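Chains as they are written, first to last, in our numbering: chain D, 161 to 381; chain C, 161 to 381.
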DNA sequence: TAACGAACCTGATTA
DNA sequence: GTAATCAGGTTCGTT
């Protein structure tokens, strides 16, 4: 089911694995039969009640929006379309625009479908990553994790994957590796003290430590 | 501090007085170094709780809106911007539009700032006037008075002005003169019966007669 | 016609 | 004190 597999010699590098039977077999993989990508985190957004409510929009913090999704003059007026792939290879398109009245960047059209499909609630965290290929080749990846979870997406939580060596309290997709520069974090799945540093945030991973706020709002920068 | 002074020979006519030290020295006066204006009342709106509440809008009675602030087809769609000057020469801009859902004309953007700045409460009255110059030259003026007061604006109430010969229970800016065609109203600042007719409305000005409703809702037409 | 979505707005909070 | 940000709203056109 994984469309990308870690390169055994370098956990930063991910390579597509072909699986034509996957109904969500992504355009990315159809178009690019080979090649390597660097998967890197962009930012996270802990969802507010408004982000998952009736407003049908996700506010993207300005510093992240301007860094990763710059709008040129033309697209700034009418907004643009951003395409993402989720952990199943499913494609998601969102209208992305800037609201001058509130000076904020938002995902609008398509966002509510994502919220519904992923059953997102306030406090859940949406994770934005990108795969960078050769030159300016760049593909966006969207993921989420439940409030209080440090799992990067629902796949590991809801569908434990025997292929994945990371267990609960570790990070799938090599986040830890990339953040820790290949050095594996010292976490154990047994024992009373389970602590790790993820993306610059100290995280407790004991037996449900009442979801401390610093965990839910942990961000990459 | 007065930006306009009555013409000694005709109280209907007001002429700008220059005062470069006034921090609110208005564009009107900067642009028009000379000239005369006819100041005339348009209408008043006694403020409802909604007008000063969280709705951040002022409903303008339809007959007044259509008479004084007509919206053409183009501006009817997106609304327009109305500029006013207050008694201090400060400029106020309000978005003005028609809400089809409620069939009403409203001031929206900018209105809440005015309410806050003037400390307006329900029952207070907002006064709309215009200065008419040559041809179609027209400038809007916005003012307010406290609930139960017949003072035309806070200047006389809060900042007694030695230059102004009108005392409490009289009208500044020559309203009385213009309405009574130069004939001074028979009001006295002493005595048990203080009554005057202002813009066609009989007003009691006794010692705080429990703010009768007809006073608070007195209107020019 | 009811629901959705795009645009607009504002106040609390923060830097 | 001032300015920027953004969560939480509203309206209104579209479907």
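Note that the Cβ used here is the ideal one computed from N, Cα and C, for glycine as well.
Bear in mind that the values here come from a model prediction, so they are computed numbers and not experimental data.
Residue span of the beta strand (DSSP E) that contains residue 303(D), given as start and end: 298 to 305
Reduced DSSP secondary structure (H/G/I, E/B, other) of residue 226(C): helix
Three-state secondary structure (DSSP) of residue 214(C): coil
First and last residue of the uninterrupted alpha helix (DSSP H) at residue 159(C): What the structure shows of chain C is the stretch from 161 to 381, and residue 159(C) is not part of that stretch, so it cannot be assessed.
Buried versus exposed call for residue 218(D) [16 or more other C-beta atoms within 10 Å across all chains shown]: buried
Option in 302(C), 301(C), 278(C) and 256(C) with minimal Cα separation from residue 269(C): 256(C)
Inter-residue CB distance, residue 201(D) and residue 289(D) (contact presumed, cutoff 8 Å): 5 Å
Helix, strand or coil at residue 238(C) [DSSP, three-state]: helix
Where residue 252(D) falls, given that 16 or more other Cβ within 10 Å makes a residue buried: buried
Residues that residue 204(C) bridges to, as DSSP identifies them: 287(C)
Paired residues, beta bridge with residue 199(C) - DSSP: 291(C)
Backbone CA spacing between residue 275(C) and residue 214(C) [nearest angstrom]: 11 Å
Neighbour-count burial assignment, residue 295(C), 16 or more Cβ in a 10 Å radius: exposed
Within 9 Å, strictly: CB atoms of residue 263(C) and residue 222(C): yes
For residue 280(C) and residue 209(C), the rounded distance between their alpha carbons: 10 Å
Per-residue burial, residue 309(C) [other beta carbons within 10 Å of its own, 16 or more giving buried]: buried
beta-carbon residue 212(D) near the ligand HEM non-hydrogen atom, thresh 8 Å: This structure simply doesn't include the ligand HEM, nor any ligand for that matter.
Buried or exposed by the 16-neighbour rule on C-beta atoms within 10 Å, applied to residue 271(D): buried
Per-residue burial, residue 247(C) [other beta carbons within 10 Å of its own, 16 or more giving buried]: buried
Chain-order list of residues whose beta-carbon lies under 6 Å from that of residue 220(D) (same chain, five-residue window excluded): 265
Local Cβ density within 10 Å of residue 226(D), reported as buried at 16 or more and exposed below that: exposed
Closest Cα partner of residue 216(D) within the set 297(D), 303(D), 273(D) and 299(D): 273(D)
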